[in-house]
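Heads up: the structure comes next, in structure tokens.
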Amino acid sequence: MLNDGRAADQMRPVKLTPDFISTAEGSVLIEVGKTRVVCTASVDDGVPQFLKGSGKGWVTSEYGMLPRATEQRTPREAARGKQSGRTLEIQRLIGRSLRAVMNQQSLGERTVWVDCDVIEADGGTRTASVTGAFVALALAFERLVTAGILKTLPLTDTVAATIVGLVDGKAMLDLAYDEDSRAEVDMNVVMTGSGKFVEIQATAEGRPFAGAEMQDLLALAAAGIRRLTEHQRTLLPPHFSARAR
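Counted the way the numbering used here counts, the sequence shown spans residues 163 to 407.
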């Protein structure tokens, strides 16, 4: 059992609130247990220099945490004058995950900025950000299709992520901060709705781990991501849900 009484293969409660920010083309508040992240998608004309003239679009991400998202206040990175390595790593992960299920040609020469702002952190903020970011992106694309700006949704599948780990020698799903902080191994897994891996970040925090243990963690993550995908699809247009299966 995890600290909150869940079984080792049970996720924390998940809630997705669409259109959480009325001014954004697409937005969602994702809640995974006590972790809460606001994800917004903003669409701009034009693309980075390396894509100009290609006819392809671009999706990128920015990630940040409010100062009191954690138990102790964390100074704003803007006040320090630069982003931390952790922040840069996470926003690149989010961008890569979204581009893995995107048809850049269908987007045309437009850039989508997906901002993920953590308002409360209790473990798994990067994986919750990936899961929520996809919903914000899909909702923004749906609005562009409805407005006649895009002919079709420039997405080929869904994408979601979760965290798993070995805690006290046992494989566990969806670690909260307390479990993550004492995990011997933690692993962030990003997968598509059709079951393909996008990224695996596995780290031996306390001890090296065997191949069989890694397979157990991947199977646990895949089961959790299937559940997250079901949550996502309740907010997506039916024709996309059918096509992405």
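Even for Gly, the Cβ is constructed at its ideal location relative to N, Cα and C.
With 16 other Cβ atoms within 10 Å as the buried cut-off, status of residue i
i	result
Leu250	exposed
Gly357	exposed
Gln394	buried
Gln267	exposed
Arg174	buried
Pro316	buried
Ile387	buried
Glu233	exposed
From the options, residue whose alpha carbon lies closest to that of residue i
i	options	result
Arg344	Glu271, Val352, Val321, Thr365	Thr365
Arg248	Leu213, Glu224, Thr293	Glu224
Gly368	Thr179, Met349, Leu380, Ser356	Met349
Thr320	Lys214, Ser204, Leu398	Leu398
Asp330	Gln266, Gly195, Asp340	Asp340
Asp284	Ile325, Ala300, Pro316, Met264	Ile325
Lys332	Gln394, Thr222, Glu375	Glu375
Trp275	Gln253, Ser268, Val221	Val221
Val352	Ala295, Gly373, Ala372	Ala295
Span of the beta strand (DSSP E) around residue i
i	result
Asp277	272-282
Gln363	359-366
Ala374	Not the beta strand (DSSP E): Ala374 falls in the alpha helix (DSSP H), residues 373-395.
Thr354	347-354
Those residues which DSSP pairs with residue i across a bridge
i	result
Tyr225	Cys278
Leu335	Val326
Ser204	Trp275
Within-8 angstroms CB hit, residue i to chain D
i	result
Asp348	The structure shown has no chain D; it contains just one protein chain.
Q. At a cut of 8 angstroms, does the segment 302-316 reach the segment 327-341 through at least three beta carbon pairs?
A. no
Q. Would you call the segment 198-205 and the segment 298-305 touching, i.e. three or more CB-CB distances under 8 angstroms?
A. yes
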